[in-house]
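Q: The sequence shown begins at 51 in my numbering and counts up one residue at a time.
Where a beta carbon is used, it is the ideal one built from N, C-alpha and C, also for glycine.
Can you read through this structure? Questions will come right after.
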Amino acid sequence: MLAVFKPMINTQPAAAAAAAAAAGGGGGGGGSGGGGGGDAVMKGENSAAAAAVAAAAAAAEENEKKKQDTHKNRYSTRPANAAAAAAAAAAAAAAARMECSAPETDGDINKHTGKQDPATAAAAAAAAAAAAAAAGGRQQQQQQQEQQQQTAAAPRRRDADNCIFLIKLSEQGAAASAAAAAAAAAAAAAAAAAAAAAATAAAAAGDAGWWELMQQQQQQVQQQQQQQQQEQQQQTAAALRSRGADNCIFFN
51 MLAVFKPMIN TQPAAAAAAA AAAGGGGGGG GSGGGGGGDA VMKGENSAAA AAVAAAAAAA
111 EENEKKKQDT HKNRYSTRPA NAAAAAAAAA AAAAAARMEC SAPETDGDIN KHTGKQDPAT
171 AAAAAAAAAA AAAAAGGRQQ QQQQQEQQQQ TAAAPRRRDA DNCIFLIKLS EQGAAASAAA
231 AAAAAAAAAA AAAAAAAAAT AAAAAGDAGW WELMQQQQQQ VQQQQQQQQQ EQQQQTAAAL
291 RSRGADNCIF FN
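Written out as structure tokens, the structure is:
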């Protein structure tokens with residue numbers, strides 16, 4: 051723009067000087083004063099025109115400069131905008147990673163990976179182990195109670211069997227004692243019969259006094275033996291019964 055307007059500004063003073071010379075030559079001496087006044091007016095108009103042209107040129111140059119600055123600014127802001135966009139993308143990715151790495155509150159399940167975080171998994175494993183231990187403890191306690199009941203029942207059954215055995219043994223001992231007493235009585239009766247037969251034979255032979263004395267002594271001996279045997283049998287039977295009762299009481 052200045053290249054266009056500068057020749058115009060430079061040629062205007064020359065044209066004004068030529069016009070002033072022409073006006074001075076035609077007007078004579080008196081006109082020289084008027085010519086001088088016209089030169090002054092022309093110079094003022096040329097200065098105003100030059101100022102207007104200079105202002106227009108300055109405005110045009112300022113406008114061009116603004117355009118260039120706007121163009122420069124437009125391209126200069128592109129890296130900043132790109133950096134801001136990259137920073138925003140990085141922040142979004144970091145937020146997504148934090149969201150994926152943080153466990154969910156509903157069930158502590160990560161919705162991105164589908165896995166439990168280590169702390170929650172460890173707590174769940176500990177709870178499961180505690181539940182299994184409690185179940186095992188209850189089962190073990192129940193087994194111990196059953197075993198104790200069986201152990202306590204076994205001696206009772208054994209004691210009952212022992213009592214029955216001892217009672218039967220006592221009864222068998224008493225029966226044997228009674229049979230022995232009966233046998234002793236029968237033997238005594240047989241001896242008495244034999245003594246009576248001998249006494250009868252001795253009496254028939256004429257020695258009745260001696261045989262009678264011998265028979266009495268023999269009967270006394272037999273009676274004492276029989277009485278001793280009966281007492282011994284009774285004591286044996288009583289001892290067996292007492293021992294059986296004591297054993298039953300002890301085992302019970």
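Just the C-alpha distance for Glu-221 and Ala-184, rounded to the nearest angstrom, thanks.
A: Position 171 of the sequence shown, counting from 1, holds the residue named residue 221. Position 134 of the sequence shown, counting from 1, holds the residue named residue 184. Each residue's Cα considered, the two are about 55 Å apart.
Q: Assuming Ala-241 contacts Gln-277 (C-beta within less than 8 Å), just tell me the rounded distance between them.
A: Residue 241 sits at position 191 when you count from the first residue of the sequence shown. Residue 277 sits at position 227 when you count from the first residue of the sequence shown. At roughly 14 Å, the Cβ-Cβ gap does not stay under 8 Å, so Ala-241 and Gln-277 are not in contact.
Q: Quick check on Gln-274: buried or exposed, where buried means 16 or more other Cβ atoms within 10 Å of its Cβ?
A: Here residue 274 refers to the residue found at position 224 when the sequence shown is read from its first residue. Answer is exposed; the Cβ neighbour count stays below 16.
Q: I need the straight-line Cα distance from Arg-207 to Ala-244, nearest angstrom please.
A: As a first step, residue 207 must be located in the sequence shown, where it is residue number 157. As a first step, residue 244 must be located in the sequence shown, where it is residue number 194. For Arg-207 and Ala-244, the distance between alpha carbons rounds to 54 Å.
Q: Is the CB-CB distance between Ala-228 and Gln-279 below 7 Å?
A: The sequence position of residue 228 within the sequence shown is 178, counting from 1. The sequence position of residue 279 within the sequence shown is 229, counting from 1. Against a cut-off of 7 Å, the Cβ pair of Gln-279 and Ala-228 comes out as no contact.
Q: Measuring straight from C-alpha to C-alpha, what distance separates Ala-236 and Gln-272?
A: Taking the first residue of the sequence shown as position 1, residue 236 is located at position 186. Taking the first residue of the sequence shown as position 1, residue 272 is located at position 222. One C-alpha to the other measures close to 11 Å.
Q: Check each candidate in Ala-231, Met-264 and Ala-232 and name the one with the smallest Cα separation from Ala-247.
A: Taking the sequence shown and counting its residues from 1, the one referred to as residue 247 is at position 197. Nearest option by C-alpha distance: Met-264.
Q: Between the C-alpha atoms of Ala-225 and Gln-270, what's the straight-line distance to the nearest angstrom?
A: To locate residue 225, count along the sequence shown from 1; it is residue 175. To locate residue 270, count along the sequence shown from 1; it is residue 220. Roughly 26 Å separates the two Cα atoms.
Q: To the nearest angstrom, how far is it from the Cα of Glu-112 to the Cα of Ala-142?
A: By 1-based counting over the sequence shown, the position of residue 112 is 62. By 1-based counting over the sequence shown, the position of residue 142 is 92. Roughly 43 Å between the two C-alpha positions.
Q: Which same chain residues end up closer than 7 Å to Phe-55 when comparing Cβ atoms and leaving out the 5 residues on each side of it in sequence?
A: Against the sequence shown, residue 55 aligns to sequence position 5. Annotation note: pLDDT 44 at Phe-55 (below 50); position unreliable, coordinate value reported separately. The residues are Val-103 and Ala-107.
Q: With distances taken Cα to Cα, identify the nearest neighbour of Ala-238 among Thr-250, Ala-176, Ala-138 and Gln-266.
A: The residue you call residue 238 lines up with position 188 of the sequence shown. For Ala-238, the nearest C-alpha among the options comes from Gln-266.
Q: CA-CA distance, Ala-177 and Gln-200?
A: The count along the sequence shown starts at 1 and reaches residue 177 at position 127. The count along the sequence shown starts at 1 and reaches residue 200 at position 150. Distance between the alpha carbons of Ala-177 and Gln-200: 34 Å.
Q: Rounding to the nearest angstrom, what Cα-Cα distance links Gln-189 and Thr-170 in this structure?
A: As a first step, residue 189 must be located in the sequence shown, where it is residue number 139. As a first step, residue 170 must be located in the sequence shown, where it is residue number 120. Answer to the nearest angstrom: the Cα atoms are 29 Å apart.
Q: Buried or exposed for Gln-194, going by 16 or more other Cβ atoms inside 10 Å?
A: Counting from one through the sequence shown, the residue named residue 194 turns up at place 144. Flag for Gln-194 reads exposed.
Q: Using C-beta distances below 7 Å, list every residue in its chain close to Ala-288, excluding the 5 sequence neighbours before and after it, in chain order.
A: Taking the first residue of the sequence shown as position 1, residue 288 is located at position 238. Excluding positions up to five away in sequence, the list is empty.
Q: Can you tell me whether Gln-283 is buried or exposed? The criterion is at least 16 other CB atoms within 10 Å of its CB, across all chains shown.
A: Here residue 283 is taken as the residue at index 233 of the sequence shown, counted from 1. Buried: at least 16 other Cβ atoms inside 10 Å.
Q: Excluding sequence positions up to five away, which residues of its chain have a Cβ less than 7 Å from the Cβ of Thr-198?
A: Translated into positions along the sequence shown, residue 198 becomes position 148. Thr is not the amino acid found at residue 198; the sequence shown has Gln there. Contacts found: none.
Q: Between the C-alpha atoms of Ala-172 and Ala-179, what's the straight-line distance to the nearest angstrom?
A: Sequence index remark: in the sequence shown, residue 172 carries index 122 (1-based). Sequence index remark: in the sequence shown, residue 179 carries index 129 (1-based). Roughly 10 Å separates the two Cα atoms.
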